[in-house]
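K.L.:
Handing you a structure now.
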Amino acid sequence: MDLLKVEHVSKTFGTHRALDDVSLSVPEGKIYGLLGPNGAGKTTLIRIINHITAPDSGEVIFDGHRLSQDDVARIGYLPEERGLYKKMKVGEQAVFFAQLKGLSRQEAVRELKRWFERFGISSWWNRRVNELSKGMAQKVQFIVTVLHRPKLLIFDEPFSGFDPINANLLRDEILRLKAEGFTVIFSTHNMSSVEEICDNITLINQGRNILTGNVEELRRQYTHGKYSMVFEGDATALAGVLEPMVSAHAMRVDDRGRSVMDITLTPEASLHDAIASANDAVRLCAVNEVMASMNDIFISAVQSNTVS
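Take a look at the structure:
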């Protein structure tokens with residue numbers, strides 16, 4: 008079942024068409040990646056989903072009905088541009104935001120204390136916001152976003168400014184929320200995090216939806232005959248026998264110190280013939296299919312759909 012459907016949404020600001028007939032469906036209980044280069048229209052779409060602005064045409068369906076102002080309380084939104092009141096104490100401000108989301112003060116304090124302990128920031132409860140590092144402030148804002156357990160969570164570049172340890176902490180929390188049945192829209196430029204946590208994605212470029220699908224299926228679709236050959240022997244000899252069958256090749260050493268040649272077969276070549284030829288030149292230890300990365304897919308799709 009789809010929790011959210013965006014149906015033929017368009018939006019224009021002056022002469023700039025920010026969204027052009029965009030449609031997508033977000034399955035319930037999944038993490039959905041919303042991708043695109045800067046200025047693609049992602050933020051405009053997120054603002055429409057949050058009922059901050061209205062589309063010029065098209066509609067948004069949320070939980071089986073047309074999105075209304077009443078639905079905003081069931082959506083948690085962590086924007087890329089974040090702000091806290093710098094002179095307020097951290098705990099006091101978090102309680103204030105929690106009460107705006109409908110929690111009583113007693114509920115807010117209880118749940119916030121639990122989250123602060125989980126995120127390792129309990130000692131900051133009575134400190135002022137302007138004493139927080141950027142990462143600490145982002146932890147507080149993440150907690151406030153999820154505290155009222157909204158049906159839909161929207162995170163816009165949530166890992167921005169985090170060191171690897173805290174980025175992993177946040178990633179694990181997002182995956183835990185998914186395991187509990189939450190639905191997440193995840194907007195990011197970090198393609199490795201897309202591979203790690205997203206089930207499905209939509210890629211927007213110049214206001215249009217140019218690619219939609221399941222992450223693993225898209226990676227396989229874009230693989231296009233990419234393989235790695237682990238071998239012992241003369242790399243030059245291997246490159247020579249493979250030259251008629253490959254459009255590209257590159258040498259590297261893997262983490263076990265073995266020689267590896269990454270190849271891309273031409274459309275006419277077969278893997279069987281490539282392996283047979285390689286075995287004549289070197290001793291093959293392993294041949295593995297190389298799945299296309301989301302970064303490769305992002306670049307390929309954007310470049311092929313960019314209008315100058």
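Going by our numbering, 193 is the number at position 186 of the sequence shown; the sequence numbering is gapless. Glycine residues also receive a C-beta, built at the ideal position from the N, C-alpha and C atoms. On a predicted model such as this, the values are computed, not experimentally measured, just so you know.
Measuring only the C-alpha atoms, how far is ARG150 from HIS256?
P.N.:
The identity of residue 150 in the sequence shown is Ile, whereas the question assumes Arg. In a straight line, the C-alpha of ILE150 is about 47 Å away from that of HIS256.
K.L.:
Name the DSSP beta bridge partners of TYR234, please?
P.N.:
BP columns for TYR234 point to ILE270, GLU296.
K.L.:
Quick check: the Cα distance between ALA174 and GLU250, rounded to an integer number of angstroms?
P.N.:
When rounded, the distance between both Cα atoms is 42 Å.
K.L.:
Below 7 Å CB to CB, which residues in the same chain sit around LEU177 once its five sequence neighbours on both sides are set aside?
P.N.:
Taken in chain order, the residues that qualify are PHE149, PRO165, PHE166, PHE169.
K.L.:
Write down the C-beta distance between ILE38 and ILE161 rounded to the nearest angstrom, noting that I regard them as a contact closer than 8 Å.
P.N.:
Wrong, their Cβ atoms sit about 11 Å apart, outside the cutoff.
K.L.:
Anyone know if the C-beta pair for ARG226 and ILE304 falls short of 8 Å?
P.N.:
Closer than 8 Å, so yes.
K.L.:
Please classify LYS49: is it buried, with 16 or more other beta-carbons within 10 angstroms of its beta-carbon, or exposed?
P.N.:
By the neighbour-count rule (16 or more Cβ atoms within 10 Å), LYS49 is buried.
K.L.:
Decide if ILE53 is buried, meaning its Cβ has at least 16 other Cβ atoms within 10 Å, or exposed.
P.N.:
Under this definition ILE53 is a buried residue.
K.L.:
For ALA242, which residues in the same chain have their Cβ closer than 7 Å to its Cβ, ignoring the five residues on either side in sequence?
P.N.:
Excluding sequence neighbours, ALA242 sits near MET258, SER266, MET268.
K.L.:
From MET198, ASN45, SER30, pick the residue whose C-alpha is nearest to that of GLN213; which is it?
P.N.:
Ranking the options by Cα distance to GLN213, first place goes to ASN45.
K.L.:
Under the three-state reduction of DSSP, which class applies to LYS185: helix, strand or coil?
P.N.:
Helix.
K.L.:
Tell me the DSSP secondary structure of ARG215 in three-state form.
P.N.:
Three-state DSSP puts ARG215 in a strand.
K.L.:
Does the stretch 15 to 28 come close enough to the stretch 63 to 73 that 3 or more CB-CB pairs lie under 8 Å?
P.N.:
Yes, the stretch 63 to 73 touches the stretch 15 to 28.
K.L.:
Mapping the DSSP letters down to three states, classify ASN45 as helix, strand or coil.
P.N.:
ASN45 falls in the coil class under three-state DSSP.
K.L.:
Alpha helix (DSSP H) containing ILE128: first to last residue?
P.N.:
First-last for ILE128: undefined, no H or E at that position.
K.L.:
Report yes if the CB atom of GLY188 is closer than 8 Å to the CB atom of ASN207, and no otherwise.
P.N.:
It is not a contact, given that the beta carbons lie outside the stated cut-off.
K.L.:
To the nearest whole angstrom, what separates the beta carbons of ALA285 and LEU291, a pair I think is in contact under 8 Å?
P.N.:
Sure, about 5 Å apart at Cβ, within 8 Å.
K.L.:
Ends of the alpha helix (DSSP H) at LEU278?
P.N.:
Here the alpha helix (DSSP H) through LEU278 covers 278 to 288.
K.L.:
Spell out the partners DSSP gives ALA257 in its beta bridges.
P.N.:
ALA257 is bridged to ASP269.
K.L.:
Quickly, what does DSSP pair ILE68 with across the bridge? List them, please.
P.N.:
LYS12, ARG73, per the DSSP bridge assignment.
K.L.:
Do VAL201 and LEU42 have their C-beta atoms within less than 8 Å of each other?
P.N.:
Yes.
K.L.:
Enumerate in chain order the residues of its own chain whose CB-to-CB distance from LEU154 is below 6 Å, with the five nearest sequence positions on each side excluded.
P.N.:
Once the five neighbours on either side are set aside, the close Cβ partners of LEU154 are ALA105, GLU118.
K.L.:
Helix, strand or coil, according to DSSP, for THR51 in the structure here?
P.N.:
The answer is helix: DSSP assigns THR51 an H, G or I state.
K.L.:
Span of the beta strand (DSSP E) holding GLY264?
P.N.:
Run containing GLY264: none; DSSP gives neither H nor E here.
K.L.:
Can you tell me where the beta strand (DSSP E) holding SER167 begins and where it ends?
P.N.:
First-last for SER167: undefined, no H or E at that position.
K.L.:
Less than 7 Å separating the Cβ of GLN213 from some heavy atom of the ligand NAD?
P.N.:
Because no ligand of any kind appears in the structure shown, any question about the ligand NAD cannot be addressed here.
K.L.:
Looking at the secondary structure, which residues open and close the alpha helix (DSSP H) in which SER194 lies?
P.N.:
Where SER194 is concerned, there is no enclosing alpha helix (DSSP H), although the beta strand (DSSP E) it sits in stretches over 190 to 194.
K.L.:
Taking only runs that begin and end inside the stretch 93 to 120, name each unbroken beta strand (DSSP E) of 3 or more residues, in chain order.
P.N.:
Entirely contained in the stretch 93 to 120, not one beta strand (DSSP E) run reaches 3 residues.
K.L.:
Identify the continuous beta strand (DSSP E) that holds GLY142 and give its terminal residues.
P.N.:
Per DSSP, GLY142 belongs to no beta strand (DSSP E); it is in the alpha helix (DSSP H), 141 to 153.
K.L.:
Kindly list the residues whose CB is nearer than 8 Å to the CB of ALA115, restricted to its own chain and excluding five residues on each side of it in sequence; keep chain order.
P.N.:
These residues qualify, in order along the chain: ALA101, VAL102, ALA105, GLN106, LEU154.
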